[in-house]
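Single-structure report; data block below.
Protein chains: 4
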Amino acid sequence: MQNKTSSPATESAPAKGVSLSKGERTHANLRRHAAAEFARLGYHNTKVSDIVKATGVSQPTFYCYFESKEMAYEDLMTEFRSRLETLTLTFLIEGEAHAEEVFDRVALSFQQLLDFLAEDPDLTQIGFFQPPGCTATKAGLAELIGQNIAKEQKNGLYRKDISATQMGQCFVGMLDQMARIPGDAQKRKELSLGCATLLCEDIRSGCQPENKR
Amino acid sequence: MQNKTSSPATESAPAKGVSLSKGERTHANLRRHAAAEFARLGYHNTKVSDIVKATGVSQPTFYCYFESKEMAYEDLMTEFRSRLETLTLTFLIEGEAHAEEVFDRVALSFQQLLDFLAEDPDLTQIGFFQPPGCTATKAGLAELIGQNIAKEQKNGLYRKDISATQMGQCFVGMLDQMARIPGDAQKRKELSLGCATLLCEDIRSGCQPENKR
Amino acid sequence: MQNKTSSPATESAPAKGVSLSKGERTHANLRRHAAAEFARLGYHNTKVSDIVKATGVSQPTFYCYFESKEMAYEDLMTEFRSRLETLTLTFLIEGEAHAEEVFDRVALSFQQLLDFLAEDPDLTQIGFFQPPGCTATKAGLAELIGQNIAKEQKNGLYRKDISATQMGQCFVGMLDQMARIPGDAQKRKELSLGCATLLCEDIRSGCQPENKR
Amino acid sequence: MQNKTSSPATESAPAKGVSLSKGERTHANLRRHAAAEFARLGYHNTKVSDIVKATGVSQPTFYCYFESKEMAYEDLMTEFRSRLETLTLTFLIEGEAHAEEVFDRVALSFQQLLDFLAEDPDLTQIGFFQPPGCTATKAGLAELIGQNIAKEQKNGLYRKDISATQMGQCFVGMLDQMARIPGDAQKRKELSLGCATLLCEDIRSGCQPENKR
DNA sequence: AATGAATGAGACTTCATTCAT
DNA sequence: CATGAATGAAGTCTCATTCAT
C-alpha cells in the first residue's frame, strides 16, 4: 500500500515551493507512515517500531514528534474529524432550497462526502472506520446532518413523520456502507445518485428511470 | 472477586431442565464473561486474566475450554454470525410478495433484525460492531439482503435503476446506525417504520402522514 | 555481597519448622535479593533484571509478587520503619526513672538501636541510610525520642534549657554516625557508652575515667 | 520557558564588576540551574533536559561546559567539599585554648558550620545531604574534627575515655541533624549553643540555666 | 558560541500461555 | 476438573549523548 518504496522526491520534497525544515519533513513523513500503518493494521496491531522502520528513522525520533503512540493516533483522528467537519459545515450552510432541488442537494452531499472519504484513504480508515473512535465521528456527522434536515423539515422540504435525527443517522449509515465500496469518481457519483434516489423517491414505482429527478 | 462461591444455579442458569455437567457449566460461564468483557473493552483491551477473574476460575481453566484468546473471540463471532444468518434466511425465504406489501415487509425485516440485535447485546457488540470482523458480518448480511432484493426487482416490486447490491448495503448501513440507538421494542418498531418509509417512499411529499403505507 | 551463591538450603529451606508454600519461598527469596541489591546499589542503580537474576527466576515472576520496582522498594522501607518503630516504642514506654539511672538508660537506648540497625544491614541501608526515605525515617525516630525526652524533662531528669526536640535530633544524629561504624556487639556497646557519656556528662573534667557514672 | 530573553545582568550576576564573557556567563548559569535541579530532585531524577530548559539553552550547550551529567554533579560536589574543607581548616587551626574557652569554641564551631551550610542551600544539599557522596563528605569532616579533638585531648582539655574519632563523628551527626532545621542566623546560634551544651555539660544537673557557660 | 535533529542502549512492564500437581 | 506458579516474547518509552550546521 501507499508508496512504501517512494522515491526520495515524494518522501521529502518541499512541495509547492514551501520549504519545510528538516524537522518538519521528518514530522510529516512520520505522520504519513503512521497513518498508513494504523490504517492497515489498526491501533493495537501497529507497533511504533514498524512506523519508524517504514519512515527510516530511529525509534526515539518518533517521540520527538509525538508524545506517545496513542497521541499520534489521536492526532490523525483529530485531523480527520476537523477536515470532515469543515466539509460538512461548508455544504450544509448553503442558503434556501426549493423543493425541486432536494434530490440534487442530497445527491451532492453524498457525493461530496464520498469524494472526501476517498481522498485520503488512510485517514478515512482511521477516523471513519476504525473503532472505537469511528462511532463518535459518525455520531457527530449524523448530528450535523440531522440539524440541517431539521431545518429543511421546517421549510417544508422534508416529511416530518420521521425524526431529523433518524434521517441523519440513516444518511450516515448509508454513507458508511457506500464509502467502503472501491471505485473512481464516476462510481461514487452513481452511488450518490442511488442513495439519493433511495432516500428521496419511492422504491417501488421507480421501475421507470425516466421519472427520476 | 465477583461471586467466586456463587451457587452453580445462578452462575450457569440450568436451562430448560437440562442439567449440565460441571465442566459444561464452567464453559458456559467462561463464554458468558468472555462475551461481556470482549463487548465492553474490545478484543485487544480484554485480558484473559480479566475474563477468568470475572468468571471466578484460574487462568489455566480458560485454556481447558478455549484454544486461545483469539479462538474464544472467534467462537463468539461465529456464533453471532450463524444466528444472524439463520434469522436472515428465515425471513428472506418467504414466498411471493405483492406490491402493496413491500413497505410492510421492509419494515418487518428491519424490526426483526433490530430485535435480534438487541437480544444479546454482548454478542451483537462483538459480531456486529467490533472490527475488524464486523465488516465481514455486515458485508455478508448485505449480500443476503441484496440477493433477496434482486429477486424482488425481477418480480417488479422494486425499481431497477439502483443495483440490488447497493440497496442491500444501504439497508445494512441504516440498520447499523439504528442498532446503536438504545430503546425498547416499541422504539425499535418506530425506527423500523421510519427506515422503511425512508427507503420506500418519497422523502418530500411525505409531509402528509396519511399517505403513508 | 550477601550470599549470592547461597546453598539451596538457605535459599528455600522452610526455616523453623514453618513450611512455606513454593510461592511464599519465591516471594521471600525475591525480597531478600531485592533488599541486597537495593542496599548495594541504591534504588536507581538497581535493575529488576539484576534482582531476578540473583534470585534465579524470570523477570515476570518479580511482578507476580511486587506491583512494581518502586513498590518492592517501599515494601522494604515500610518493613524497616515498622520494625524500628516497634523497637523504639518498646524501650521508650518503660516506667519512671531515677536520676541515677539516666546515663544507663541513654546508653541502653543507643545500644539497642545500634544492635537493631546492625541486625539486618540491607534493610537498614534501605530504610536508614538511603535517600530520600531516610530523612523521614530519622525525623520520625527523632520525634519519638524527643517526646520521651520531653517527659523526662518534666520529671526533672533532663535539663530544660535545650528543647526536647533538639535533643532528640542530636541523639538521632549521633546514632546515624555510629551506625555507620562497622563492628561487633562489643564495639557497639562501647560506642553506646561513649555517646551516652558525651550527652550526659561534662566533656571536659572527664579526664578521670573513675568519675564516670 | 523561563526567561529565555532574560537580561544578562540578572541571569548571570556580573559579580564584583568583573565582566564575564558570554561563555562564562552561560557556564555560570548552567552551573546554577544544575545545582538547583540536582538539589531539588537528586542526581538520578534530574534530567539534563530539565537543566538546560531551566537555563534557557539547548542540550548540546550543556556538553560544551560539562563533560557529562555525572561530571557536572561531581563539579558541584567538589566545590562544596573544597569550600567546606577551607572553612573547617580555618577555624580548627587556631592556636592554644584554655579550659574555660572549650564551650565557646565548640559552640562557635557549630555556628560557623551551620552558617556555612545555610549559605548555599543547593550546594549543601548536593554535597552534604545527598547520597552517596554525602557519606564521604561527612566522614572527611568528622576526620578533620576528630584530629583537632585529639589535639585538645592531648592538651587535657577534653576527656580521654572517648575516642577523638567517635567525638568527631558525634559532632558531625549532630551537625547533620541541625543543618536540616530551617531558620535564620539567630536560630542557628541557639542550636549551636544547645549542641555545645549537650556535648560539654552534664545533661542532668542542667536544670538551672544559670550554671551554663 | 550555540543548536535543531537524531539516536544507541536499555529499563520497566504486560500478557498470553504452559507445567506440574 | 482445576490451579498455583512461572515464563517467553515483546512493546512502549526514556535519556544521556552526539552530529552537522
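Protein chains in written order, with the UniProt record's numbering: chain D, 1 to 213; chain B, 1 to 213; chain C, 1 to 213; chain E, 1 to 213. Note that the Cβ used here is the ideal one computed from N, Cα and C, for glycine as well. Every value quoted in this text rests on a predicted model; they were computed, and no experiment measured them.
Which listed residue (the options) has its alpha carbon closest to that of residue i
{"i": "D/Leu157", "options": "B/Phe171, B/Asp202, B/Cys170 and B/Met77", "result": "B/Asp202"}
{"i": "E/Pro132", "options": "C/Lys160, C/Lys69 and C/Leu41", "result": "C/Leu41"}
{"i": "B/Leu87", "options": "B/Ser109, B/Ala72, B/Glu100 and B/Phe66", "result": "B/Ser109"}
{"i": "E/Leu198", "options": "E/Glu85, E/Tyr43, E/Asp104 and E/Asn29", "result": "E/Asp104"}
{"i": "D/Leu76", "options": "D/Leu20, D/Thr55, D/Cys134 and D/Ser49", "result": "D/Cys134"}
{"i": "D/Thr137", "options": "D/Phe80, D/Thr90 and D/Asn29", "result": "D/Phe80"}
{"i": "E/Gly173", "options": "E/Asp120, E/Phe129, E/Glu190 and E/Ser49", "result": "E/Phe129"}
{"i": "C/Ser58", "options": "C/Leu30, C/Phe38 and C/Met71", "result": "C/Leu30"}
{"i": "D/Ala54", "options": "D/Asp184, D/Arg32 and D/Leu117", "result": "D/Arg32"}
{"i": "E/Gly83", "options": "E/Tyr73, E/Thr124, E/Leu175 and E/Gly56", "result": "According to the sequence provided, residue 83 of chain E is Arg. The question's Gly does not apply to it. Nearest option by C-alpha distance: E/Thr124."}
{"i": "D/Met178", "options": "B/Leu191, B/Ala139 and B/Asn45", "result": "B/Ala139"}
{"i": "residue 219 of chain D", "options": "D/Tyr73, D/Thr61 and D/Lys47", "result": "Because chain D spans 1 through 213 in this model, residue 219 of chain D falls outside it and cannot be assessed."}
{"i": "C/Gly183", "options": "C/Glu37, C/Gln153, C/Leu175 and C/Ala118", "result": "C/Ala118"}
{"i": "B/Glu70", "options": "B/Phe91, B/Glu85, B/Glu152 and B/Val48", "result": "B/Val48"}
{"i": "E/Phe91", "options": "E/Tyr73, E/Ile149, E/Glu100 and E/Gln186", "result": "E/Ile149"}
{"i": "C/Lys154", "options": "C/His98, C/Asp50, C/Arg188 and C/Leu114", "result": "C/His98"}
{"i": "B/Tyr73", "options": "B/Glu100, B/Glu37 and B/Leu89", "result": "B/Glu37"}
{"i": "D/Glu100", "options": "D/Glu152, D/Leu89, D/Asp176 and D/Leu20", "result": "D/Glu152"}
{"i": "E/Gln147", "options": "E/Leu114, E/Leu175 and E/Leu89", "result": "E/Leu89"}
{"i": "B/Val106", "options": "B/Gln186, B/Leu175, B/Leu20 and B/Lys187", "result": "B/Leu175"}
{"i": "D/Leu114", "options": "D/Ser19, D/Ser21 and D/Ala185", "result": "D/Ala185"}
{"i": "C/Lys187", "options": "E/Lys187, E/Ser163 and E/Arg188", "result": "E/Ser163"}
{"i": "E/Lys189", "options": "E/Tyr43, E/His44 and E/Phe116", "result": "E/Phe116"}
Residues that residue i contacts on chain D, provided the C-beta gap is smaller than 8 Å
{"i": "B/Thr46", "result": "None at all; the shortest Cβ gap to chain D is about 11 Å."}
{"i": "B/Leu191", "result": "Gln166"}
Rounded distance between the beta-carbons of residue j and residue i, thought under 8 Å
{"i": "E/Asp122", "j": "E/Ala35", "result": "4 Å"}
{"i": "E/Ile126", "j": "E/Ala39", "result": "6 Å"}
{"i": "C/Leu191", "j": "C/Ile181", "result": "7 Å"}
{"i": "C/Cys200", "j": "C/Val52", "result": "Not quite, the Cβ-Cβ distance comes to about 49 Å (not below 8 Å), so this is no contact."}
Contacts that residue i makes with chain C (C-beta to C-beta distance below 8 Å)
{"i": "E/Leu114", "result": "Chain C residues near E/Leu114: none, gap ~12 Å exceeds 8 Å."}
{"i": "E/Tyr73", "result": "Simply none; closest approach about 13 Å."}
Chain C residues whose Cβ lies nearer than 7 Å to that of residue i
{"i": "E/Thr137", "result": "None at all; the shortest Cβ gap to chain C is about 13 Å."}
{"i": "E/Arg188", "result": "Ordered by position in chain C, no residue passes the 7 Å Cβ test against E/Arg188, which lies about 12 Å from the chain."}
Proximal residues of chain E, C-beta to C-beta of residue i below 7 Å
{"i": "C/Glu201", "result": "Asp202"}
{"i": "C/Val172", "result": "Gln177"}
{"i": "C/Arg81", "result": "None at all; the shortest Cβ gap to chain E is about 18 Å."}
Chain B residues whose Cβ lies nearer than 7 Å to that of residue i
{"i": "D/Ile162", "result": "Gly194, Thr197 and Leu198"}
Under 9 Å from the C-beta of residue i: neighbouring residues of chain C
{"i": "E/Pro121", "result": "What E/Pro121 touches in chain C: nothing, since even the nearest Cβ is about 15 Å away."}
{"i": "E/Gly127", "result": "None at all; the shortest Cβ gap to chain C is about 13 Å."}
Chain-ordered neighbours of residue i on chain D, where CB pairs are closer than 9 Å
{"i": "B/Ala107", "result": "Going along chain D, no residue has its Cβ under 9 Å from B/Ala107, so there is no contact; the nearest lies around 12 Å."}
{"i": "B/Ala142", "result": "Gln177"}
Listed by chain order, chain E residues near residue i by CB distance under 8 Å
{"i": "C/Gln130", "result": "Pro131"}
Neighbouring residues, chain B, relative to residue i (Cβ below 9 Å)
{"i": "D/Gly42", "result": "His44, Pro131 and Pro132"}
Exercise. Is the segment 136-146 of chain B in contact with the segment 162-179 of chain B, if contact means three or more CB pairs nearer than 8 Å?
Worked result: yes
Quick check: the segment 100-115 of chain C against the segment 60-74 of chain C, are there 3 or more CB pairs under 8 Å?
no
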